[in-house]
Structures are given as structure tokens and as C-alpha cells.
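**Student:** The numbering of the sequence shown is numbering that gives the first Met the number 0, which starts it at 0 and goes up by one.
All residues carry an ideal CB built from backbone N, CA and C; glycine is no exception.
Just so we're clear, the structure is a prediction, and the values are computed from it rather than from any experiment.
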Amino acid sequence: MTPGEADESSGDADAACEHLAYRTEADGEAFETARAYCTVVERFVRPVRADVCNARYDLAPAEHCEFYREHEGVEDEWLTGDRDDGGRGSGDEADTRES
0 MTPGEADESS
10 GDADAACEHL
20 AYRTEADGEA
30 FETARAYCTV
40 VERFVRPVRA
50 DVCNARYDLA
60 PAEHCEFYRE
70 HEGVEDEWLT
80 GDRDDGGRGS
90 GDEADTRES
């Protein structure tokens, strides 16, 4: 199977990261199979990261890739307190506040 070819785990092509490229050569070396290259960090990335880039397995670059999020200026919810629970946490954390 080649990059971008559909399989049962393929993601939504519209959700795929625009910063992902597949390259068949680098530094004068040719590859038998195209390799995933992130144009944000300007380096080849591992196949598992390419799964995020291609929005496979319910992953999405805007939610799950720190390279994408930093480049696009997306803030992390845990830093801003802008979470579904109002920034209070899941309840699993120890409550250290005094009553």
C-alpha cells in the first residue's frame, strides 16, 4: 500500500495535515518507498506521526499534533483552563484547597 492509498484505517482526506509531504529522496539519496516529511519541523517523521497527519484512527492534527498546534497558534486547553469541566479537572486530582 502506498501513502495516501485508502484502507480501512484511512482518515478523512479533508482533515489531513497540509504540512505533510511524502518524499522519495533527500540529500541525494533515493528511497524505494516515499517517506513522510513534515514541512513545519523540516524533517522526516515516523509512520505513527504520519497516522496523526493523515487523520487516521480518529486522530486529528489540530488536536493531536504538537507541531501543527504550535505552528497554527492553537492553544492547549489544559494551559488555558478552557475545558469541558470549566478547568476544574476530572475529579481524579487531589483537592488541595482549604474549605
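(1) Here's the rule: buried if 16 or more other CB atoms are within 10 angstroms of the residue's CB, otherwise exposed. What is residue 47?
(2) What are the uninterrupted segments assigned as alpha helix (DSSP H) that are 4 or more residues long and contained completely in the segment 27-59, given in chain order?
(3) I'd like the span of the alpha helix (DSSP H) that includes residue 69, first residue to last.
(4) For residue 37 versus residue 18, is the C-beta distance shorter than 8 Å?
(5) Assuming residue 44 and residue 35 make a contact with CB atoms under 8 Å, what is their CB distance in whole Å?
**Tutor:** Walking through what the data contain:
(1) exposed
(2) 46-52
(3) 65-71
(4) yes
(5) 5 Å
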